[in-house]
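Per the UniProt record's numbering, the very first residue in the sequence shown carries number 1; after that it's consecutive. Glycine is no exception: its CB is placed at the ideal position from the N, C-alpha and C atoms. Quick notes on the structure that follows.
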Amino acid sequence: MSIITSIYSEKADAPFLVERKRDGGNASSNDSGLDELLDWKSDNVELLQDKLSTHGAILFRNFDVNTVLLFDRFLEHFKEASLLDYVGGNSPRTKMSQGIYTSTEYPADQFISLHNELSYGEQWPAQLFFCCVTAPNADGNTLIADGRKVLQWLDPELVDMFETRKVKYIRNLHGGRGLGPSWQDTFESQDRDEVTEICKNSNIDFQWKKDGSLRTCQIGSGVEEHPITKEKVWFNQADQFHPSNHPPKFYEALMHMYAGRLHDCPTHACFGDDSPIEDAMLASVRNAFKKQTIYFPWQQGDVLLIDNMLMSHGRAAFSGPRKILVAMS
1 MSIITSIYSE KADAPFLVER KRDGGNASSN DSGLDELLDW KSDNVELLQD
51 KLSTHGAILF RNFDVNTVLL FDRFLEHFKE ASLLDYVGGN SPRTKMSQGI
101 YTSTEYPADQ FISLHNELSY GEQWPAQLFF CCVTAPNADG NTLIADGRKV
151 LQWLDPELVD MFETRKVKYI RNLHGGRGLG PSWQDTFESQ DRDEVTEICK
201 NSNIDFQWKK DGSLRTCQIG SGVEEHPITK EKVWFNQADQ FHPSNHPPKF
251 YEALMHMYAG RLHDCPTHAC FGDDSPIEDA MLASVRNAFK KQTIYFPWQQ
301 GDVLLIDNML MSHGRAAFSG PRKILVAMS
């Protein structure tokens, strides 16, 4: 057996690929894949650190990491910090094990736009790990895009506006029945007092409403500097939170349902000074992401490691079964 390295997409210069091959070039099928990878890693720690900073993502292929237990073992050796819970996140997930979740449970026909995980908060994970337990029959790719390159595609004036004004994220979380996620699922708690403490400790402005729902407001960055590379990166989820991210007919229905009150929609984003982010600005952001998006089909046993500040991620629509796990550190 041999382990080879290359660049998955030479044009996009990402992700860096670490792949196990047989001597004849075909992938091995025995159960020793993860052991081989761990042995290889012990001699290549600095290489992996350098390639992650350079390319923003590393894809480990043909190492048979295809169960929660094997993924947990992989994480023991590759995570650089403790695994994080997803408390306060805005995507529906199921907790599979301590620190391991399903990647998202939005319906299969929905496209999930590219974003940096938890960029709307004061703290965010440095690394994300995705593990393919069941590859989709068609499509269902996890999409990635380099925030350094996205920033370069944008008008400097727009970049400056996001960097100086920052982004305010607003969520209206129902109490069990309603559109979008509930506060119980979002904060992994049924206890209002516990959720109140989480909000206070996370510097989240909040308001409990008479109908049992919860409104939260957070200020997040628009642009950040990577702590290792010192490069500026596009780092926000404004285009995803803004109601215009929905398909046109659904967006129109939302505007009718909430009488044009964007702040009452399940999610909304504006500048930190409460001034609106114009639809044209968001359209240019989405266009920049589209130009930089890297698509690759999952194979069972794949693990994708991404630097959460350098690389945004999303999901294409798919059909058939699909099970991708995620962990954050």
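- Between S53 and H268, the CB-CB gap reaches or exceeds 9 Å.
- When DSSP reads this structure, T293 sits in no beta bridge, so it has no partner.
- G220 and G121 do touch by the CB rule: their CB atoms are close to 6 Å apart, below 8 Å.
- About 3 Å separates the beta carbon of G99 from that of L83, a gap short enough to meet the 8 Å contact definition.
- Secondary structure of E19 (DSSP, three-state): strand.
- For the 9 Å CB-CB criterion, A57 and Q299 do not form a contact.
- Ranked by Cα distance from K290, the first of A145, F60 and K168 is A145.
- In the structure shown, M309 adopts coil according to DSSP, grouped into three states.
- As DSSP reads the structure, S9 sits in a beta bridge with A14.
- Following the DSSP letters along the chain, one finds R171 inside the beta strand (DSSP E) bounded by residues V167 to L173.
- Taking 8 Å as the upper bound for CB-CB distance, L114 and L143 are in contact here, some 6 Å apart.
- Annotation for K249: the continuous alpha helix (DSSP H) segment containing it runs P248 to M257.
- If you look at A317, you'll find it isn't in any alpha helix (DSSP H); DSSP assigns it neither H nor E.
- Residue burial annotation: H263 is exposed, with fewer than 16 other C-beta atoms found within 10 angstroms of its C-beta.
- If you ignore the 5 residues before and after A327, its C-beta comes within less than 6 Å of the C-beta of L75, L83, G99, I100 and F129, all in its own chain and listed in chain order.
- If the five residues before and after L304 are omitted, its C-beta is found closer than 6 Å to the C-beta atoms of L59 and F130, all from its own chain and listed in chain order.
- Pairwise C-beta distances place the region 247-256 out of contact with the region 196-207, as fewer than three of them are shorter than 8 Å.
- The Cβ atoms of Q123 and S182 do not sit closer than 9 Å to each other.
- For I198, the enclosing alpha helix (DSSP H) starts and ends at R192 to N201.
- Apart from sequence neighbours up to five positions away, the residues of its chain that approach P321 with a beta-carbon distance below 8 Å are T134, P136 and N137, ordered along the chain.
- Straight-line measurement puts the Cα of I3 at about 47 Å from the Cα of P248.
- Straight across, the Cα-Cα distance linking D302 with F162 is about 35 Å.
- The distance from the Cβ of E197 to that of D85 is about 15 Å, inconsistent with a contact at the 8 Å cut-off.
- By the neighbour-count criterion, in which 16 or more other beta carbons inside 10 Å mark a residue as buried, I228 falls on the exposed side.
- Beta-bridge analysis with DSSP links Q98 to no other residue.
- DSSP assignment within the region 37-68 yields the following whole beta strand (DSSP E) runs of 3 residues or more, N-terminal first: 57-61.
- Under the DSSP assignment, V150 falls outside any beta strand (DSSP E), being part of the alpha helix (DSSP H) whose first and last residues are G147 to W153.
- Scanning its chain for C-beta atoms nearer than 7 Å, with the 5 sequence neighbours on each side dropped, one finds around A12 the residues I294, in chain order.
- According to the DSSP assignment, W234 belongs to the beta strand (DSSP E) that extends over K232 to W234.
- Counting only the Cα atoms, I324 lies some 25 Å from L179.
- Here the C-alpha atom of L310 lies approximately 21 Å from the C-alpha atom of F111.
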